[in-house]
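S.K.: Numbering (the working numbering), first residue to last: 4 to 190.
Attaching a single structure in structure tokens format; questions to follow.
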């Protein structure tokens with residue numbers, strides 16, 4: 004979305020919609036502010052597989068849905084007719100996550116003026132392109148590398164062991180054809 008905001012044609016396309024639904028992960032507050040300042044009808048949504056998708060629209064629960072925050076942990080808990088009964092074949096995970104008709108998510112949040120604000124995750128999992136990725140697994144892959152500098156939209160990375168190859172990575176990533184042989188790959 005940030006790329007579309009910076010492109011006049013992309014911005015015009017976003018502005019043409021009645022609503023641009025944002026979901027899948029927490030929307031960074033600065034991005035949401037930029038979208039709204041540019042007169043894009045950005046609407047944060049909240050849901051998950053366990054709720055068959057949607058649960059909240061612009062921070063408000065959908066009809067029949069409800070959410071609350073566990074004050075001790077900041078965990079978002081959700082309930083409603085769309086809530087799954089549990090995890091097929093995993094009684095232990097079901098007993099941990101589904102308690103008294105509520106689903107105990109792994110998301111952190113707060114309720115401000117009756118609106119749910121998702122703050123992030125309680126575990127180390129982030130969503131990248133709709134896929135759950137453990138940050139610790141990424142750290143394991145990057146462990147043999149060392150970030151030397153960050154300048155503008157470039158990051159210089161060097162291996163910690165010989166040969167001391169250096170890779171300069173554009174902020175928008177590298178293409179497969181550009182990857183050096185020494186760049187580790189996730190298993």
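All C-beta atoms in this analysis are idealised placements derived from N, C-alpha and C, irrespective of residue type, glycine included.
What does the alpha-carbon distance come out to for the pair residue 165 and residue 136?
M.R.: Its pLDDT being 48, under 50, residue 165 is placed unreliably by the model, and nothing is read from it.
S.K.: Taking the alpha-carbon of residue 73 as reference, which of 125, 134, 22 has the nearest alpha-carbon?
M.R.: Residue 73 has its Cα closest to that of 125, out of 125, 134, 22.
S.K.: Which same chain residues, not among the five before or five after residue 111, have their C-beta less than 6 Å away from its C-beta?
M.R.: Excluding residues within five positions, the ones whose Cβ falls inside 6 Å are 77, 122, 123, 125.
S.K.: Decide if residue 43 is buried, meaning its Cβ has at least 16 other Cβ atoms within 10 Å, or exposed.
M.R.: So residue 43 ends up on the buried side.
S.K.: Would you identify the three-state DSSP class for residue 119, choosing helix, strand or coil?
M.R.: Three-state DSSP puts residue 119 in a strand.
S.K.: Tell me the start and end of each unbroken alpha helix (DSSP H) in the stretch 17-65 that is at least 4 residues and wholly inside, in chain order.
M.R.: Those alpha helix (DSSP H) runs which fall completely within the stretch 17-65 and span 4+ residues are 32-40.
S.K.: Drop a sphere of 10 angstroms on the beta-carbon of residue 81, count the other beta-carbons inside from all chains shown, and report buried for 16 or more, exposed for fewer.
M.R.: Buried.
S.K.: Let me make sure I understand the geometry here. Which of 28, 89, 84 has the alpha-carbon closest to that of residue 69?
M.R.: Measuring from the Cα of residue 69, the nearest candidate turns out to be 84.
S.K.: Assuming residue 79 and residue 52 are in contact, meaning their beta carbons sit under 8 Å apart, how far apart are those beta carbons, in whole angstroms?
M.R.: Actually they do not touch by this definition, with Cβ atoms about 15 Å apart.
S.K.: Between the alpha carbons of residue 115 and residue 5, how many angstroms are there, rounded?
M.R.: Spanning the two alpha carbons is a distance of roughly 26 Å.
S.K.: Our contact map puts residue 119 next to residue 59 with C-beta atoms below 8 Å; I'd like the distance itself, whole angstroms only.
M.R.: Yes, residue 119 and residue 59 are in contact; Cβ-Cβ is about 5 Å, under 8 Å.
S.K.: In the DSSP assignment, find the unbroken alpha helix (DSSP H) run with residue 99 in it and report its ends.
M.R.: Its alpha helix (DSSP H) spans residues 94-100.
S.K.: So, helix, strand or coil for residue 74, using DSSP?
M.R.: Three-state result, residue 74: coil.
S.K.: If the criterion is Cβ atoms closer than 9 Å, does the pair residue 25 and residue 46 meet it?
M.R.: It is a contact, given that the beta carbons lie within the stated cut-off.
S.K.: Closest to residue 86 by CA distance: which of 22, 75, 106, 100 is it?
M.R.: With distances taken between Cα atoms, residue 86 lies closest to 106.
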